[in-house]
Amino acid sequence: MKKYLLFSLAACSLLNGAGFKLPEQSSDSVALLNSNIATSFGPDAAYFNPANMLFLDDPRHQFESSFSYLQLDNVKYTHYDGKKYKSRKSKALLPTFHFVSPEYIANWKFGISLVVPAGMSMRWDEDLPKATSKKFDLKVMELNPSAAYRITDNLAIGFGLRAVYTKGEAIQDINSPLKADQDIKGDGVNFGYNIALTYKPIENLSLAATYRSKVDMKLKGDTDIKAPAHPLGAFPNGSYSGKAKLNVPLPASLNLAISYEIKDTTLMFAYEKTYWSAWKELNFDYPDAGASNYSNPFFKAFDEPKARNWKDTNTYRFGIAHNATQKLRIMGSIIFDEAASLSSTTSFDLPDTKAVAYGTGFNYKFSEDLELGMSYFYQDRKKRDVKYYSGNPNYPNGTFERGNAQAINLGIKYKF
271 MKKYLLFSLA ACSLLNGAGF KLPEQSSDSV ALLNSNIATS FGPDAAYFNP
321 ANMLFLDDPR HQFESSFSYL QLDNVKYTHY DGKKYKSRKS KALLPTFHFV
371 SPEYIANWKF GISLVVPAGM SMRWDEDLPK ATSKKFDLKV MELNPSAAYR
421 ITDNLAIGFG LRAVYTKGEA IQDINSPLKA DQDIKGDGVN FGYNIALTYK
471 PIENLSLAAT YRSKVDMKLK GDTDIKAPAH PLGAFPNGSY SGKAKLNVPL
521 PASLNLAISY EIKDTTLMFA YEKTYWSAWK ELNFDYPDAG ASNYSNPFFK
571 AFDEPKARNW KDTNTYRFGI AHNATQKLRI MGSIIFDEAA SLSSTTSFDL
621 PDTKAVAYGT GFNYKFSEDL ELGMSYFYQD RKKRDVKYYS GNPNYPNGTF
671 ERGNAQAINL GIKYKF
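Under this note's numbering, the first residue of the sequence shown carries the number 271, and numbering increases by one thereafter.
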């Protein structure tokens with residue numbers, strides 16, 4: 271089940287169409303759906319594009335804290351035989367923090383972000399989906415220190431270190447004449463890096479590129495597998511209680527962005543490429559398992575490698591920000607996102623699909639020191655036909671119906 275833990279971490283960090291992708295880690299980024307890569311309006315630059323820290327208007331310390339409330343609606347699935355299934359709704363409250371320093375050293379700025387790039391709770395209660403995904407709970411936090419250097423007045427570079435802590439639990443429950451189940455709990459800390467560049471050829475035009483590295487996610491924990499023996503002796507008891515490990519790549523992503531200011535309005539576009547083709551399969555490792563475990567068909571089903579063979583995805587982000595007054599900025603956005611999984615490798619743990627999302631919000635300046643932001647997005651998750659490659663009857667062979675995910679964010683910015 272750590273496969274689900276890692277799968278969702280990766281999906282949430284880099285995949286909009288699948289469940290909760292959470293690149294939106296501030297009030298501005300929720301309203302603009304992360305199209306604000308070439309232009310930053312506050313200290314969230316430390317996370318999204320550290321090079322932009324050197325182009326912020328205010329030279330003082332800048333701090334931002336926000337909370338997002340997210341809800342994924344019931345995932346609805348219709349099997350090929352006409353039977354309908356529905357997951358529980360998923361909800362989460364996610365805090366974020368960003369900080370940007372003044373130029374303590376000439377031409378240098380430093381930042382730090384504490385974010386929640388992933389977080390999900392998926393539960394299925396019916397026999398078919400719970401056989402592979404009865405419960406999945408995931409908590410993820412990322413600490414991202416960063417620095418930026420001004421090469422010239424219109425060119426800056428940035429870089430950062432990503433330290434990601436993950437904790438999760440997942441349960442499979444096979445309800446057959448011989449009941450079998452698996453419960454895994456695990457955690458891990460994994461590292462990566464990010465780099466960024468911003469170039470302003472003219473005052474009102476910004477070009478930017480950011481890159482987040484591939485991270486080999488390595489989780490360790492314990493599992494409890496109940497795999498009963500056949501009553502007539504056809505196969506032995508395969509129950510297992512012990513260590514479990516899993517390695518899964520969190521793929522690299524590239525953002526290319528542009529923004530253009532026309533009087534009081536900023537137009538933004540960002541293109542994101544996510545290199546999901548690095549993910550070939552999910553494969554468990556049970557270090558203490560023996561021959562009797564692998565002779566049991568239930569244990570073998572839990573242990574069997576699951577093909578993924580995902581494809582690289584493209585996401586297109588369009589945003590607009592308008593200074594309605596000297597104190598009020600209003601924002602809106604739309605994004606188009608592709609599915610990474612094949613129809614033959616989509617499963618109940620995190621149904622993957624194409625999606626279109628819409629964002630809106632505002633930022634109000636109470637004083638030169640204090641600002642308040644509020645934002646909202648709605649994700650329209652498209653209908654998708656799937657047929658799992660293995661023919662295993664516990665996996666999808668039907669249609670995931672159209673669904674939605676929503677988030678509302680409240681944040682404050684403070685300068686001193």
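Note that the Cβ used here is the ideal one computed from N, Cα and C, for glycine as well.
Answer yes or no: do residue i and residue j have a C-beta to C-beta separation smaller than 8 Å?
{"i": "D328", "j": "K597", "result": "no"}
{"i": "T544", "j": "T583", "result": "yes"}
{"i": "N445", "j": "D494", "result": "no"}
{"i": "L384", "j": "I605", "result": "no"}
{"i": "S529", "j": "A308", "result": "yes"}
{"i": "S603", "j": "A301", "result": "yes"}
{"i": "R578", "j": "K550", "result": "yes"}
{"i": "F670", "j": "V434", "result": "no"}
{"i": "T468", "j": "N322", "result": "yes"}
{"i": "A677", "j": "R651", "result": "no"}
{"i": "I441", "j": "K404", "result": "yes"}
{"i": "A540", "j": "P519", "result": "no"}
{"i": "M487", "j": "N464", "result": "no"}
{"i": "K379", "j": "S371", "result": "yes"}
{"i": "W546", "j": "P521", "result": "yes"}
{"i": "S613", "j": "R672", "result": "no"}
{"i": "D314", "j": "S338", "result": "no"}
{"i": "L324", "j": "A426", "result": "yes"}
{"i": "F632", "j": "M601", "result": "yes"}
{"i": "T348", "j": "K354", "result": "yes"}
{"i": "D423", "j": "K455", "result": "no"}
Can you tell me whether DSSP reads residue i as helix, strand or coil?
{"i": "Y684", "result": "strand"}
{"i": "T366", "result": "strand"}
{"i": "S305", "result": "coil"}
{"i": "F290", "result": "Low confidence applies to F290: its pLDDT is 39, below 50, so where it sits in the model is not reliable enough to give any reading."}
{"i": "L620", "result": "coil"}
{"i": "T402", "result": "helix"}
{"i": "Y355", "result": "strand"}
{"i": "S562", "result": "helix"}
{"i": "Y317", "result": "helix"}
{"i": "K570", "result": "helix"}
{"i": "V485", "result": "strand"}
{"i": "V300", "result": "helix"}
{"i": "W378", "result": "strand"}
{"i": "F670", "result": "strand"}
{"i": "S614", "result": "coil"}
{"i": "N593", "result": "strand"}
{"i": "F325", "result": "helix"}
{"i": "A522", "result": "coil"}
{"i": "A627", "result": "strand"}
{"i": "S603", "result": "strand"}
{"i": "S547", "result": "helix"}
{"i": "D582", "result": "coil"}
Pull up the distance between the alpha-carbon of residue i and that of residue j, whole angstroms please.
{"i": "E608", "j": "Y374", "result": "42 Å"}
{"i": "Q649", "j": "K570", "result": "37 Å"}
{"i": "V410", "j": "F367", "result": "14 Å"}
{"i": "A499", "j": "F568", "result": "9 Å"}
{"i": "D695", "j": "K496", "result": "Nothing can be reported for residue 695: it is not among the residues displayed for the chain, which extend from 271 to 686."}
{"i": "F461", "j": "E412", "result": "10 Å"}
{"i": "P666", "j": "G430", "result": "40 Å"}
{"i": "F333", "j": "F554", "result": "42 Å"}
{"i": "D443", "j": "Q295", "result": "34 Å"}
{"i": "S310", "j": "S297", "result": "12 Å"}
{"i": "S660", "j": "G458", "result": "30 Å"}
{"i": "R393", "j": "G312", "result": "37 Å"}
{"i": "I421", "j": "K400", "result": "55 Å"}
{"i": "S637", "j": "R330", "result": "14 Å"}
{"i": "G428", "j": "L477", "result": "14 Å"}
{"i": "G352", "j": "K513", "result": "40 Å"}
{"i": "P501", "j": "S391", "result": "36 Å"}
{"i": "G589", "j": "S645", "result": "13 Å"}
Would residue i pass as an interface residue toward chain D - the criterion being a Cβ-Cβ separation below 8 Å?
{"i": "E671", "result": "Any reference to chain D falls outside this structure, which holds one protein chain only."}
Length-filtered (3 minimum) beta strand (DSSP E) runs lying within the segment 640-669: 640-651 and 654-657
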